[in-house]
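Below is one structure, written out as structure tokens, with a few remarks after it.
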Amino acid sequence: MRSLLYARSAPIQSAITITIDLDRKGKATVAHKPEWADCGLCGEHRLTTREHVVPKSLYAPTRSNSRFQRIIIAACKDCNNGSADDDAHFRFVLTLAGDTNSTVDELWSGKVRRALAEKDGRRRALDVFALMRPAPDVGPDRHRIYPADDPRVLRSVRKIIRGLSRHHRLNYPIRDDQVLADVQRLPLADDLFAAMEHRSAEPDVLEYAYLHLDDPEGLLSQWWLRFFKRTSFTGLVYASEAKRQEVVRSMAG
Ligand SMILES: [Zn+2]
Numbered sequence: 689m690r691s692l693l694y695a696r697s698a699p700i701q702s703a704i705t706i707t708i709d710l711d712r713k714g715k716a717t718v719a720h721k722p723e724w725a726d727c728g729l730c731g732e733h734r735l736t737t738r739e740h741v742v743p744k745s746l747y748a749p750t751r752s753n754s755r756f757q758r759i760i761i762a763a764c765k766d767c768n769n770g771s772a773d774d775d776a777h778f779r780f781v782l783t784l785a786g787d788t789n790s791t792v793d794e795l796w797s798g799k800v801r802r803a804l805a806e807k808d809g810r811r812r813a814l815d816v817f818a819l820m821r822p823a824p825d826v827g828p829d830r831h832r833i834y835p836a837d838d839p840r841v842l843r844s845v846r847k848i849i850r851g852l853s854r855h856h857r858l859n860y861p862i863r864d865d866q867v868l869a870d871v872q873r874l875p876l877a878d879d880l881f882a883a884m885e886h887r888s889a890e891p892d893v894l895e896y897a898y899l900h901l902d903d904p905e906g907l908l909s910q911w912w913l914r915f916f917k918r919t920s921f922t923g924l925v926y927a928s929e930a931k932r933q934e935v936v937r938s939m940a941g
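Convert by adding 688 to the 1-based position in the sequence shown; the result is the number in the working numbering.
Written out as structure tokens, the structure is:
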């Protein structure tokens, strides 16, 4: 039996060493029958399947069996392509980044370990370790993880925002290049936070808030997302890619 041994560190209380069994196989996913509809992400009328806006894999087994709030939109094959791998990577990073809690522990001991045991598990683990930086201020052999350094993590965040924008019937379709996402670096202003619509997809999995601005010349909506009660991201949806680039340029000075 092959096994992978490493320390789960990041800024958590104590590093945990985990042995991962690489022999176990993951469960097969259920495919839904495709149907013709407007894709919730690209807007084209195509053959679509059900897409979970908040990846189903972020829910611990006790949740996926209960009637948790599922946010589902229709999405075409092109928009769904490759997202299962992004979802697995996103979940892995989120379960590693930050203090542990019961939801994360349940995911970690079940789904995440099983995913690491699949044939791509070793590559996935290496992808995540590439994001870890030594944190000698916390202690020897301790690491921090920086989700903002990882384009795949931010792509997952942008996709969730695009799907939520469709789900809440704000602006649609939203292309990936219209969205600016980042880890939350500063607290949001109190008055902005109070003005936002606050929702959740199970509060211990994802809490989020949005403000619909709908400015055709600039910002369409502003977003705040917090996963597992600890890892927060912000997002801005612009009316066009050009507008987003203009803002990015001005921020760079
Ligand atoms: Zn599409």
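Note that the Cβ used here is the ideal one computed from N, Cα and C, for glycine as well.
With burial defined as no fewer than 16 other Cβ atoms inside 10 Å of the residue's Cβ, what is the status of D711: buried or exposed? The predicted position of D711 is uncertain, since its pLDDT is 30 and thus under 50; a value taken from the coordinates is nonetheless stated next. Looking at its Cβ environment, which holds fewer than 16 other Cβ atoms inside 10 Å, D711 is exposed.
What residues in its chain sit with their C-beta under 7 angstroms from that of F780, if we drop five residues either side in the sequence? V800, R812, V816
Segment contact, 8 angstroms Cβ cut-off, at least three pairs: the segment 826-844 with the segment 905-912: no
Using 10 angstroms around the beta-carbon of W796, count the other beta-carbons present and answer buried if the total reaches 16, otherwise exposed. buried
Between E739 and A762, which are expected to be in contact by the criterion C-beta below 8 angstroms, what is the C-beta distance as a whole number of angstroms? 7 angstroms
Below 7 angstroms CB to CB, which residues in the same chain sit around Q933 once its five sequence neighbours on both sides are set aside? none
So, F921 versus V871, is the Cβ gap smaller than 8 angstroms? It is a contact, given that the beta carbons lie within the stated cut-off.
Sub-8 angstroms separation of K847 and S938 beta-carbons: No; because the gap between Cβ atoms is not below 8 angstroms, this pair is not in contact.
Would you kindly work out how many angstroms separate the C-alpha atoms of T919 and P722, rounded to a whole number? 34 angstroms
In the DSSP assignment, find the unbroken beta strand (DSSP E) run with S909 in it and report its ends. 907-915
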